[in-house]
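Q:
In the numbering used here, the protein residues as written are 125 to 560.
#1: Using the Cβ count rule (16 or more neighbours within 10 Å means buried), how would you classify residue 243?
#2: So the candidates are 429, 448 and 458; which of them puts its Cα closest to the Cα of residue 468?
#3: From residue 447 to residue 348, what does the alpha carbon distance come to, in whole angstroms?
#4: Beta strand (DSSP E) containing residue 394: first to last residue?
#5: Could you tell me the distance, in whole angstroms, from the CA atom of residue 454 to the CA atom of residue 296?
#6: Work out the CA separation of residue 353 and residue 381 for me, nearest whole Å.
#7: Apply the 10 Å Cβ neighbour rule to residue 337 and answer buried if 16 or more other Cβ atoms are within range, or exposed otherwise.
#8: With distance defined between alpha-carbon atoms, name the residue in 350, 258, 329 and 232 nearest to residue 356.
#9: Output the distance between the C-alpha atoms of residue 279 and residue 293, rounded to the nearest integer angstrom.
#10: Output the distance between the C-alpha atoms of residue 392 and residue 190, rounded to the nearest integer angstrom.
#11: Return the CA-CA distance between residue 476 and residue 442, expressed in angstroms with no decimal places.
#12: Check whether the segment 264-280 touches the segment 229-241, counting contact only when three or more Cβ pairs, one atom from each stretch, lie closer than 8 Å.
#13: Given this structure, state the Cα-to-Cα distance separating residue 346 from residue 228, to the nearest angstrom.
#14: Out of 159, 197, 238 and 299, point me to the one whose CA is closest to residue 417's CA.
#15: Could you pull the start and end residues of the beta strand (DSSP E) that residue 266 belongs to?
#16: With distance defined between alpha-carbon atoms, name the residue in 420, 457 and 445 nearest to residue 433.
#17: Quick check: does the Cβ of residue 443 come within less than 6 Å of any heavy atom belonging to the ligand SAH?
#18: Since I believe residue 384 is in contact with residue 394 (beta carbons under 8 Å), could you give me their beta-carbon distance rounded to a whole number of angstroms?
#19: Assuming residue 199 and residue 409 are in contact, meaning their beta carbons sit under 8 Å apart, how far apart are those beta carbons, in whole angstroms?
This is the structure:
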């Protein structure tokens, strides 16, 4: 559970949630699994989209790339698929490394969402496309059933479920599993898959959801599961985005609104004003890749601890905000500090929230490194900030000592009807997943 008295008051025992994490009862028996994006303006972006990636400057991306570019780190992007031949992703997508059992349609993105997430993580920026925060990391694509999937029951049946993709990714050498999707109902099979992946030393990162403006709020899964790093969204001023979900399962924040993304699956143009915690999760995944590339011998615990220690916040570290968690991700502070101590390799820094240290219990200290060559290493208050405030943290600062660089992304889309799949003589309802 999250530390702090304000978190303890939100304790719940619903299966699948971290100890002490706030949970609202789900009224509907069947939730909608969706991509975590709020929407895209219909007008196409003119010119170089990188000029609209406002967070690259405040995060001091150019300075970070002098130390680390994410080289040698593989990220499993579990989403709507990833189009491997966009100008920005050519040479960046390892389609041949997607396990055969879940490889169906991995490079056939049916909405543009998964490709946008991949470009935000590892895009080269070629052709005026999106520039990834970790431009030399590599993407391993996965396509799962989310809203927007076309082709009816036959296509849905062939497209993997998220739990299958997570388990498959856990058995590869991808160190990070990025998940910009979710639903408001617990998913037992997904929870089991996440525990399996965590036991393999994977860093699991997920968007917390775009339900912030809905009365009563809601809990987003898989972000609320133990051993998943939940990421909220913030705007250019460092303020938590209005649409960003909140609660005890928020661990970090990252930029999440007002920059471009692919309009749709035609891939003819980018659209303005992408908003959602989806993007925030992608940027956090890229941040972790930068750190892991610079320190390939670190374990998932040490990379996570580095993110916690250096996050931008104006509140005690042991009392996370329910809106921004431990704060906004600032990987540059790790990269700029050659003497940073990441702490013990086998102790989970989020063990209290997670209800135990699964990695230590499993005896696994680190994920297997990829074959590429990484670049060399170079509580006094229990009150969370008011909603809409980052506690004084701004995305515009550039000082290594400041608590700036607030970044959170999550794209919200409208829910769609459940897909009905007929198999083995019986009808089964497959939840549509909403991309965040």
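Cβ coordinates follow ideal geometry from the N, Cα and C atoms, glycine included.
A: Reading it off the structure:
#1: What you label residue 243 is simply residue 119 of the chain shown in a count that begins at 1. Burial is judged here by how many other beta carbons sit within 10 angstroms of a residue's own beta carbon; residue 243 has at least 16 and is buried.
#2: Counted from its first residue, the chain shown places residue 468 at position 344. When each option's Cα is compared against that of residue 468, the closest is 429.
#3: In the chain shown, residue 447 corresponds to position 323, counting from 1. In the chain shown, residue 348 corresponds to position 224, counting from 1. Approximately 14 Å between the Cα atoms of the pair.
#4: In the chain shown, residue 394 corresponds to position 270, counting from 1. Here the beta strand (DSSP E) through residue 394 covers 394-400.
#5: Within the chain shown, residue 454 is the residue found at index 330, counting from 1. Within the chain shown, residue 296 is the residue found at index 172, counting from 1. Going from the Cα of residue 454 to the Cα of residue 296 covers about 27 Å.
#6: By 1-based counting over the chain shown, the position of residue 381 is 257. By 1-based counting over the chain shown, the position of residue 353 is 229. In a straight line, the C-alpha of residue 381 is about 20 Å away from that of residue 353.
#7: Working through the chain shown from its first residue, we reach residue 337 at position 213. Answer is exposed; the Cβ neighbour count stays below 16.
#8: Mapped onto the chain shown, residue 356 falls at position 232. Selected option, being the one with the closest Cα: 329.
#9: As a working note, residue 279 is residue 155 in the chain shown. As a working note, residue 293 is residue 169 in the chain shown. Distance between the alpha carbons of residue 279 and residue 293: 22 Å.
#10: Numbered from 1 along the chain shown, position 268 holds the residue referred to as residue 392. Numbered from 1 along the chain shown, position 66 holds the residue referred to as residue 190. Their Cα atoms are separated by approximately 32 Å.
#11: Working through the chain shown from its first residue, we reach residue 476 at position 352. Working through the chain shown from its first residue, we reach residue 442 at position 318. Near 11 Å, if we compare the C-alpha coordinates of residue 442 and residue 476.
#12: yes
#13: Working through the chain shown from its first residue, we reach residue 346 at position 222. Working through the chain shown from its first residue, we reach residue 228 at position 104. When rounded, the separation of the alpha-carbon atoms in residue 346 and residue 228 is 22 Å.
#14: The residue given as residue 417 occupies position 293 in the chain shown. Here the closest residue by C-alpha is 197.
#15: As a first step, residue 266 must be located in the chain shown, where it is residue number 142. Where residue 266 is concerned, the enclosing beta strand (DSSP E) stretches over 262-267.
#16: Locating residue 433 in the chain shown gives position 309, counting from the first residue. The residue with the shortest Cα to Cα distance from residue 433 is 457.
#17: Ligands in the displayed structure: none, and consequently the ligand SAH is not present.
#18: Residue 394 sits at position 270 when you count from the first residue of the chain shown. Residue 384 sits at position 260 when you count from the first residue of the chain shown. With 8 Å as the limit, residue 394 and residue 384 qualify as a contact, their Cβ atoms being about 4 Å apart.
#19: Position 75 of the chain shown, counted from the start, is the residue given in the question as residue 199. Position 285 of the chain shown, counted from the start, is the residue given in the question as residue 409. The Cβ separation is near 6 Å, so the contact holds.
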